[in-house]
Amino acid sequence: MMPLTSHWNKFKNNSHLSLWASVHVFPNKAVVTLQPNWTEVYRGERITLRCEIKDGGDTEWEYEWRATSSEKPSDQNEHSITSVTGCHSGDYRCKGRKKHTQHSSTDWSDPIKLTVSDIPNKAVVTLQPNWTEVYRGETITLRCQIRDGGDTEWEYEWRTTSSEKPSDQNEHSISSVTESHSGDYRCRGRKKHTQHSSTDWSDPIKLSVSDSKSHHISFKVKIIQLIKSLFLFMCIFKVNLQYVLIKKENHFPTGPDPVLTVSPSWLSAGASVTLNCRVKDPYAGWRFYWYKMVPDPPNYRESEFDQNTELCLLKTKLRTI
């Protein structure tokens with residue numbers, strides 16, 4: 001490369017003094033790049049700034065950085081920040097200088113503007129089925145959802161006070177829960193391919209696992225206490241011109257024994273229930289009738305709790321036509 005030259009004439013003591021100065025102007029251009037290659041990042045992410053000299057060839061360069069943020073990059077061509085915060089926001093520019101010289105340098109690069117913001121996404125734990133009190137042997141599924149997560153690819157992290165150790169997936173199923181699974185569950189999301197760009201921990205969801213037998217007892221007690229304010233479903237069938245109230249006893253007036261089943265065998269408020277009325281030894285021509293009794297009907301008397309049965313039964317007199 002041919003240098004540009006300047007010539008100054010100066011007179012001193014009637015002598016003509018010629019001064020020649022050579023100024024080297026380099027065509028090389030400094031450029032700042034950012035990895036990852038977007039300028040809006042979230043708090044906690046890792047970034048790397050690089051100063052590249054276009055057409056720098058094999059020349060050995062020293063580097064100088066200038067930033068409007070509180071960060072002071074070193075004199076290397078690469079500068080990493082392991083966990084960015086808001087104070088790292090600002091403009092970054094660099095220039096290169098040939099080693100072993102004082103004045104052979106490029107111009108300052110165009111600035112690259114870095115913006116650091118808080119992560120707006122929120123992690124939420126959901127449970128299926130959507131109640132937190134479950135019984136031993138049930139199957140449950142915990143899910144970690146990232147609100148406003150968009151198309152971002154997330155990795156997941158779980159924290160629990162129970163003995164269960166969920167995987168790093170957004171969904172975790174337990175096929176047969178036990179009391180040891182009781183506890184608080186929370187999660188958070190972390191953007192893939194980063195180490196520090198994660199959401200805050202979600203609010204905890206508290207899972208309570210109880211023994212199913214204790215549920216039946218509790219259910220019986222509640223039925224006894226609320227029998228006068230709840231509907232009682234009964235299956236009534238026709239036998240020899242009599243309607244017999246099905247109850248879990250060992251004697252019926254005539255005919256085969258009817259069977260009333262409830263599915264599921266335990267109930268909770270708001271859940272679906274299926275009642276099935278059948279005859280053990282079916283004969284053709286049976287017709288089944290379903291009734292529900294409101295509190296204090298005719299022929300109603302105080303409910304009793306049968307300790308030898310699995311359900312809370314309402315005992316009443318047979319109703320005839």
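Everything in the sequence shown is counted per the working numbering, starting at 1 for the first residue and increasing by one.
Just so it is clear, CB atoms sit at the ideal spot from N, CA and C, and this is done for glycine as well.
Cβ shell of residue i (< 6 Å), same chain only, five flanking positions each side left out
i, result
"K99", "E60 and E62"
"D55", "N28"
"S210", "Y135"
"E133", "S208"
"A67", "G90 and Y92"
"N130", "none"
"P111", "D91 and R93"
"Q35", "T48"
"W158", "P166 and C187"
Helix, strand or coil at residue i [DSSP, three-state]
i, result
"S265", "coil"
"G57", "coil"
"G86", "helix"
"H193", "coil"
"E164", "coil"
"S175", "coil"
"H79", "strand"
"S104", "coil"
"S210", "strand"
"S117", "strand"
"S180", "helix"
"R278", "strand"
"W158", "strand"
"S198", "strand"
"D148", "coil"
Other residues of its chain near residue i: CB distance less than 7 Å, five sequence neighbours each side excluded
i, result
"Q169", "Y156"
Beta carbon of residue i nearer than 9 Å to that of residue j
i, j, result
"V177", "I140", "yes"
"T48", "H79", "yes"
"S74", "R93", "no"
"R46", "S83", "yes"
"S162", "G137", "no"
"V32", "S117", "no"
"L275", "V259", "no"
"K369", "A30", "Only positions 1 to 321 of the chain appear in the structure, and residue 369 is not among them; the question remains open."
Same chain only: Cβ atoms within 8 Å of residue i, ignoring 5 sequence neighbours per side
i, result
"S202", "K122, A123, V124, V125, C144, R186, C187 and R188"
"Q76", "Y63"
"T322", "The question about residue 322 has no answer, for the chain in this structure spans 1 to 321."
"T39", "I112, K113, L114 and T115"
Beta carbon proximity, residue i to chain B, threshold 9 Å
i, result
"K165", "Structure shown: chain B not included; a single protein chain is present."
For residue j and residue i, believed in contact at Cβ under 8 Å, the rounded distance
i, j, result
"G90", "L114", "6 Å"
"K192", "E153", "4 Å"
"H172", "L142", "5 Å"
"S197", "G44", "5 Å"
Distance cut-off 8 Å: residue i Cβ against heavy atoms of the ligand GTP
i, result
"T152", "For the structure depicted, the ligand GTP is absent and the ligand set is empty, with no information on it obtainable."
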